[in-house]
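Quick note, the working numbering runs 6 ahead of the 1-based positions in the sequence shown.
The beta carbon of each residue, even a glycine, is placed where N, CA and C say it ideally should be.
Since the structure comes first, as structure tokens, the remarks are kept for the end.
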Amino acid sequence: LLDDFISSANLELDKESKNKILKQNIKEALSELAKIFGFGFMDTTLYFQWGVSKEEREEIEKLILERTEAKKNKDFNTADAIREQLSSKKITLLDTPNGTIWEKINA
Numbered sequence: 007l008l009d010d011f012i013s014s015a016n017l018e019l020d021k022e023s024k025n026k027i028l029k030q031n032i033k034e035a036l037s038e039l040a041k042i043f044g045f046g047f048m049d050t051t052l053y054f055q056w057g058v059s060k061e062e063r064e065e066i067e068k069l070i071l072e073r074t075e076a077k078k079n080k081d082f083n084t085a086d087a088i089r090e091q092l093s094s095k096k097i098t099l100l101d102t103p104n105g106t107i108w109e110k111i112n113a
């Protein structure tokens with residue numbers, strides 16, 4: 007069951023790597039499976055950050071902090087420029103009520 011789910015999820019992500027609704031549904035399903043089977047997955051957000059080196063991760067987090075500060079100061083041009091800079095590196099940002107999270111796009 008778990009193998010089938012993960013295989014299906016990976017196939018769908020290969021087809022639609024930028025589909026935010028699909029990613030959210032997969033995250034929720036992984037969390038539910040962890041509850042059902044009684045074992046913990048890694049933080050589901052980390053699933054979409056695989057393949058990023060420690061150095062890249064630190065740079066991304068630094069830029070996100072700069073972007074957050076720019077948004078607080080209503081410097082939306084800088085905030086948008088940082089989003090574009092990360093997008094050019096195939097990093098997408100998701101602004102949530104709990105802060106900004108990021109994902110690596112493999113397309």
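Using a 10 Å radius around the Cβ and a threshold of 16 neighbouring Cβ atoms, would you call residue i buried or exposed?
| i | result |
| --- | --- |
| Ile42 | exposed |
| Lys29 | buried |
| Arg63 | exposed |
| Ile70 | buried |
By DSSP, does residue i sit in helix, in strand, or in coil?
| i | result |
| --- | --- |
| Asp81 | coil |
| Lys6 | Since the displayed the chain opens at 7 and closes at 113, residue 6 lies outside it and no answer follows. |
| Lys110 | strand |
If you measure between the beta carbons of residue i and residue j, is that distance less than 8 Å?
| i | j | result |
| --- | --- | --- |
| Leu100 | Arg89 | no |
| Leu39 | Leu17 | no |
Should the segment 104-112 be regarded as contacting the segment 86-96, the criterion being three or more beta carbon pairs within less than 8 Å? Yes: the two stretches touch, three or more of their Cβ pairs being nearer than 8 Å.
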